[in-house]
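**Q** This structure is in structure tokens; I'll ask about it shortly.
Residue numbers (the UniProt record's numbering): 1 to 353.
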């Protein structure tokens with residue numbers, strides 16, 4: 001383990017429903033994207049999204065899919081989206097490029113379009129499609145994911161493979177721990193990325209693994225187009241540390257603002273990065289101060305149901321036929337929600353030497 005003094009095993013969780021079978025309504029931004037980008041009429045959207053989501057969740061039961069989180073479009077709600085990310089990727093037909101003095105504060109220069117945008121861990125590619133819809137230059141926008149099937153499902157969701165070809169814009173499978181120059185990720189993206197978006201990726205790993213991943217991200221970044229940006233969102237915690245994985249053993253490190261900054265500061269002071277990076281500027285904001293209450297409220301109805309069932313079973317003295325299967329199915333969709341959970345939006349500016 002690294003010499004990180006804040007590393008400890010976090011404690012305290014409560015149940016969290018990781019699968020919601022029904023979608024109450026399609027969020028407004030996704031509804032607009034589906035209607036105007038994918039050509040799916042409003043009356044067909046809910047069933048379309050549910051069918052695609054269930055297909056993805058069946059093979060990979062991730063909470064972001066089960067709880068409809070992927071519909072929230074994290075990139076477009078990022079604090080730098082409108083001020084930095086979108087202007088620097090704007091298609092000349094869609095948006096006015098920033099003035100030179102503005103461009104000097106962000107990534108590269110608008111008149112030098114050699115760098116690319118990479119969504120690392122792009123899932124279904126929902127943030128990429130929103131970026132293109134908002135005026136981002138599709139020629140410079142790439143996605144990478146460990147799961148090739150997510151790329152397939154993304155095309156089913158947005159119906160755009162004819163406009164946004166897989167071979168030109170996606171890398172899958174993409175292993176963030178593979179530094180090999182022969183990997184597809186290395187061949188297509190190493191040294192080319194000016195903006196790297198990574199949401200719900202770092203938080204999957206422990207401290208040491210996150211350090212390795214951060215170094216891999218630095219290898220992807222361009223060192224010849226000025227200041228570069230790594231940004232995204234992830235699970236954080238008011239009390240940073242190693243938290244047990246729900247399944248499979250091991251831990252995942254949850255950051256707060258201070259530990260996230262500490263990790264990056266340590267990385268750029270160590271080999272092999274020390275001589276390559278001149279400066280790093282790290283910012284993060286923690287959101288969801290009332291999330292503990294919100295999740296408990298969400299779980300209140302299922303809990304009442306379980307209590308009522310228990311009372312009925314006690315009165316009858318035994319379970320009715322089929323109850324065991326119902327319990328197993330419900331437990332399958334209940335995870336553990338870490339106390340102190342927060343949603344963290346971050347950005348890391350890097351100046352190469």
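Using N, Cα and C, we set each Cβ at its ideal position, and we do this for glycine too. Treat the numbers as computed from the prediction; the structure is a model and nothing was measured.
Taking only three categories from DSSP, how would you classify residue 63?
**A** helix
**Q** Give a yes or no on whether the minimum CB-CB distance between residue 18 and chain B is below 8 Å.
**A** Note that chain B does not occur in the displayed structure, where there is just one protein chain.
**Q** Residues in the same chain with beta-carbon distance under 6 Å from residue 155, minus the five sequence neighbours each way, listed in chain order, please.
**A** 161
**Q** Who are the Cβ neighbours of residue 138 in its own chain at under 7 Å, not counting the five residues just before and after it?
**A** For residue 138, the CB contacts under 7 Å within the same chain, skipping 5 residues up- and downstream, are 132, 164 in chain order.
**Q** Rounded to whole angstroms, how far is the Cβ of residue 119 from the Cβ of residue 197, which I believe are closer than 8 Å?
**A** 5 Å
**Q** Do you know offhand how far residue 79's Cα is from residue 89's?
**A** Residue 79 and residue 89: Cα-Cα distance of roughly 16 Å.
**Q** Could you tell me the boundaries of the alpha helix (DSSP H) in which residue 220 lies?
**A** 207-220
**Q** Closest to residue 67 by CA distance: which of 234, 342, 18 is it?
**A** 18
**Q** If we count the other Cβ atoms within 10 Å of its Cβ and call it buried at 16 or more, is residue 58 buried or exposed?
**A** exposed
**Q** To the nearest angstrom, how far is it from the Cα of residue 195 to the Cα of residue 40?
**A** If I take the Cα positions, the gap works out to 30 Å.
**Q** Counting only the same chain and skipping the five closest in sequence on each side, list residues whose C-beta sits under 6 Å from that of residue 74.
**A** 199, 233
**Q** How should residue 110 be labelled, buried or exposed, when 16 other C-beta atoms within 10 angstroms of its C-beta is the threshold for buried?
**A** Unreliable placement is indicated for residue 110, whose pLDDT of 39 sits below 50; the coordinate value is still reported in the next sentence. Buried: at least 16 other Cβ atoms inside 10 Å.
**Q** Leaving out the 5 sequence neighbours to the left and right, which residues in its chain are closer than 6 Å to residue 188 when beta-carbon positions are compared?
**A** 171
**Q** Report the three-state DSSP secondary structure of residue 51 (helix, strand or coil).
**A** Helix at residue 51.
**Q** According to DSSP, which residues form a beta bridge with residue 237?
**A** 341
**Q** Taking the alpha-carbon of residue 223 as reference, which of 174, 352, 168 has the nearest alpha-carbon?
**A** Nearest of 174, 352, 168 to residue 223, Cα basis: 352.
**Q** Which residues does DSSP list as the beta-bridge partners of residue 19?
**A** Residue 19 is not bridged to any residue.
**Q** Roughly how many angstroms separate the alpha carbons of residue 235 and residue 53, rounded to a whole number?
**A** Their Cα atoms are separated by approximately 21 Å.
**Q** So for residue 155, helix, strand or coil by DSSP?
**A** helix
**Q** Out of curiosity, what's the CA-to-CA distance linking residue 129 and residue 158?
**A** 8 Å
**Q** Using the DSSP secondary-structure output, state which residues sit across from residue 244 in a beta bridge.
**A** 251
**Q** So residue 257 and residue 284 are in contact, right, with Cβ under 8 Å, and what is the actual spacing, rounded?
**A** 4 Å
**Q** Can you list, in chain order, the residues of its chain with a C-beta nearer than 7 Å to that of residue 140? Leave out the 5 residues immediately preceding and following it.
**A** 89, 113, 116, 117
**Q** Roughly how many whole angstroms lie between the Cα atoms of residue 282 and residue 84?
**A** 15 Å
**Q** Give me the residue from 76, 147, 218 with the minimum Cα distance to residue 274.
**A** 218
**Q** Could you name the residues of the same chain whose beta carbon sits closer than 6 Å to that of residue 280, not counting the 5 residues immediately before and after it, in chain order?
**A** 264, 268, 350
**Q** With DSSP as the reference, please indicate the residues paired to residue 287 in a beta bridge.
**A** 343
**Q** Roughly how many angstroms separate the alpha carbons of residue 209 and residue 81, rounded to a whole number?
**A** 28 Å
**Q** Ends of the beta strand (DSSP E) at residue 268?
**A** Careful: residue 268 lies outside any beta strand (DSSP E), inside the alpha helix (DSSP H) at 257-269.
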